[in-house]
Amino acid sequence: MSQSRLQQDEDRRSCWVCFATEEDDRTAAWVRPCRCRGTTKWVHQTCLQRWVDEKQKGNSTVKVACPQCNTEYLILFPKLGPVVYVMDIIDRVIYKMCPFVAGGIFIGTVYWTMVTYGAVTVMQVLGHKEGLNVMEQADPLFLLIGLPTIPLMLILGKMVRWEDYVLRLWRKHSSKLPLINYLFPDEHSRLSRVPADTVTLTDPISATRVLCGALVMPTIATIVGKLMFGFVQSNFQRTLLGGIAFVAIKGVLKIYYKQQQYLRQANRIIRDYEEDTQETTNPIVESQVAHSVDPHLVDPHLVDPHQVDPLQE
Ligand SMILES: [Zn+2]
Ligand SMILES: [Zn+2]
Numbered sequence: 000m001s002q003s004r005l006q007q008d009e010d011r012r013s014c015w016v017c018f019a020t021e022e023d024d025r026t027a028a029w030v031r032p033c034r035c036r037g038t039t040k041w042v043h044q045t046c047l048q049r050w051v052d053e054k055q056k057g058n059s060t061v062k063v064a065c066p067q068c069n070t071e072y073l074i075l076f077p078k079l080g081p082v083v084y085v086m087d088i089i090d091r092v093i094y095k096m097c098p099f100v101a102g103g104i105f106i107g108t109v110y111w112t113m114v115t116y117g118a119v120t121v122m123q124v125l126g127h128k129e130g131l132n133v134m135e136q137a138d139p140l141f142l143l144i145g146l147p148t149i150p151l152m153l154i155l156g157k158m159v160r161w162e163d164y165v166l167r168l169w170r171k172h173s174s175k176l177p178l179i180n181y182l183f184p185d186e187h188s189r190l191s192r193v194p195a196d197t198v199t200l201t202d203p204i205s206a207t208r209v210l211c212g213a214l215v216m217p218t219i220a221t222i223v224g225k226l227m228f229g230f231v232q233s234n235f236q237r238t239l240l241g242g243i244a245f246v247a248i249k250g251v252l253k254i255y256y257k258q259q260q261y262l263r264q265a266n267r268i269i270r271d272y273e274e275d276t277q278e279t280t281n282p283i284v285e286s287q288v289a290h291s292v293d294p295h296l297v298d299p300h301l302v303d304p305h306q307v308d309p310l311q312e
């Protein structure tokens, strides 16, 4: 009895998209596209088409399923003519291949840029004529592999943060090295606290900074070599010495800078809150200058009165 009632219910078609029944539109085409029973069994062909369009968002290859029972809709297309069929296949192949081709072009471009950079660097370091001679005599295969490794090695070398290791070692053993202590006054003994030094040591390496620094390195090495080691005859040796000197000087300065930042963090003070905001800035500046902790903060007595922030006046 109930079985036949259910059958009756299902026979009275009503579209689950627009809720119209057979009586509302006698010419509309119906479809039952999934396993659903009862009120969601039937749907207008045009209503379901619209719903599928909405789900596919313009990409007709996307599979669409019933939101209730998850049955995937079977969508049939009219048969294609042979010309359209071939064009359709070609279109699909091109669609799939394009990302790979673009990736290949990109990698190729990067590779040839690296080869060019390597060649320019060889000429820069060895001298124009000698560099050309060396490259002409070298095995082409060796050049194709060797030249692009030049920028690669420069970048990898730049990523070695040897200053951090030196600084860490120094902080550990600074008390045993009186000479260095004399050169870089170490205030370890009177640190008021140990700062969270991870921030200064492992700050995220900016990729662009590494890249620029690495690629500019041969030019800097050449310039420093010419300035400091002009007496050396060999181009290569002069540039090598210049590079080593530059890296060493820069490393020492960087270590000094980081150590000063570290001490500045270690000796910072949190002030009492004061109602009178006009007087709050000067005493702390004076106290920090007195400790000679911060080279960046300016002694208020030396400041040009016109440059003082008008809000403090
Ligand atoms: Zn409908
Ligand atoms: Zn369903």
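In case it helps, numbering that gives the first Met the number 0 puts the sequence shown at residues 0 to 312.
Here a beta-carbon is modelled for each residue, glycine too, at the ideal position from N, C-alpha and C.
Source: prediction; values computed, not measured.
Using CA coordinates, which residue listed in the options is at the minimum distance from residue i?
i: Phe76; options: Ile93, Gln48, Met227 and Ala101; result: Gln48
i: Cys68; options: Gly242, Lys40, Val85 and Arg25; result: Lys40
i: Ile254; options: Leu168, Ser233 and Ile219; result: Leu168
i: Thr24; options: Thr38, Cys46, Arg36 and Gly37; result: Note on identity: in this sequence residue 24 is Asp, with Thr being the wrong assignment. For the residues Thr38, Cys46, Arg36 and Gly37, the minimum Cα distance to Asp24 belongs to Cys46.
i: Val224; options: Val215, Gly212, Val209 and Ile243; result: The residue you asked about is not Val; residue 224 is Gly in the sequence shown. Per the Cα distances, Ile243.
i: Val155; options: Val165, Arg170, Gly103 and Ala213; result: One point to set straight first is that residue 155 is Leu, not Val, in the sequence displayed. Among Val165, Arg170, Gly103 and Ala213, the Cα nearest to that of Leu155 is on Ala213.
i: Lys157; options: Gln232, Arg31, Ser13 and Arg208; result: Arg208
i: Leu262; options: Asn58, Ile222 and Leu166; result: Leu166
i: Ile74; options: Val30, Ala101 and Lys95; result: Val30
i: Phe228; options: Leu240, Phe235 and Thr218; result: Leu240
i: Pro194; options: Arg170, Val85, Leu131 and Ser59; result: Arg170
i: Glu71; options: Cys33, Gln260 and Phe141; result: Cys33
i: Met216; options: Thr60, Cys97 and Ala247; result: Ala247
i: Tyr94; options: Glu274, Val82 and Thr60; result: Thr60
i: Arg160; options: Gln136, Glu135, Asp138 and Ser205; result: Ser205
Please go through the same chain and pick out, in chain order, the residues whose beta-carbon is closer than 7 angstroms to the beta-carbon of residue i, but skip the five residues on each side of it.
i: Leu252; result: none
i: Ser286; result: In this prediction, Ser286 scores a pLDDT of 47, lower than 50, which makes its location untrustworthy; the coordinate-derived value is nonetheless stated afterwards. Counting only Cβ-Cβ distances below 7 angstroms, and skipping sequence neighbours, we find nothing.
i: Cys14; result: Trp41, Val42, His43 and Cys46
i: Glu21; result: Arg12
i: Arg192; result: Ala265
i: Thr201; result: Per-residue confidence for Thr201 stands at a pLDDT of 47, beneath the threshold of 50, marking its modelled position as unreliable; the derived number appears in the next sentence. Correct list: empty, nothing qualifies.
i: Ala220; result: Thr238, Gly241, Gly242 and Phe245
i: Cys35; result: Cys65, Gln67 and Cys68
i: Leu79; result: Asp87
i: Val82; result: none
i: Thr38; result: Ser13 and Trp15
Rounded to whole angstroms, how far is the Cβ of residue i from the Cβ of residue j, which I believe are closer than 8 angstroms?
i: Ile149; j: Thr108; result: The pair is not a contact, with the Cβ atoms about 17 angstroms apart (cut-off 8 angstroms).
i: Val133; j: Leu125; result: 6 angstroms
i: Leu146; j: Ala118; result: 6 angstroms
i: Val63; j: Lys54; result: 5 angstroms
Hey, does residue i have any beta-carbon neighbour from chain B nearer than 7 angstroms?
i: Gly250; result: Checking the listed chains, one finds no chain B in this structure; it contains a single protein chain.
By Cβ distance, which residues of its chain are closer than 6 angstroms to residue i, with the 5 residues on each side in sequence left out?
i: Glu162; result: Gly250, Lys253 and Ile254
i: Leu143; result: none
i: Ala28; result: Gln44
i: Tyr116; result: Pro150
i: Ala19; result: none
i: Cys97; result: none
With DSSP as the reference, please indicate the residues paired to residue i in a beta bridge.
i: Thr20; result: Ser13
i: Glu71; result: Ala64
i: Val30; result: Val42
Within its chain, find whatever has a CB closer than 8 angstroms to the CB of residue i; leave out the 5 residues flanking it on each side and keep chain order.
i: His290; result: With a pLDDT of 47 at His290, under the threshold of 50, the modelled position of that residue is not reliable, and no figure is offered here.
i: Lys128; result: none
i: Val16; result: Val42, His43, Cys46, Leu47, Arg49 and Trp50
i: Gln123; result: Gly130, Pro217, Thr218, Thr221 and Thr238
i: Ile283; result: Note that Ile283 scores a pLDDT of 49, beneath 50, so its modelled location is shaky and nothing firm can be said.
i: Asn234; result: Val124, Leu125, Gly126 and Glu129
i: Val231; result: Gly224, Arg237 and Leu240
Inside the region 106-184 only - alpha helix (DSSP H) runs reaching at least 4 residues = 127-136, 139-158, 161-172 and 177-182
With a floor of 4 residues, list each alpha helix (DSSP H) that falls wholly inside the region 204-274, ordered by position along the chain.
-> 206-227 and 234-265
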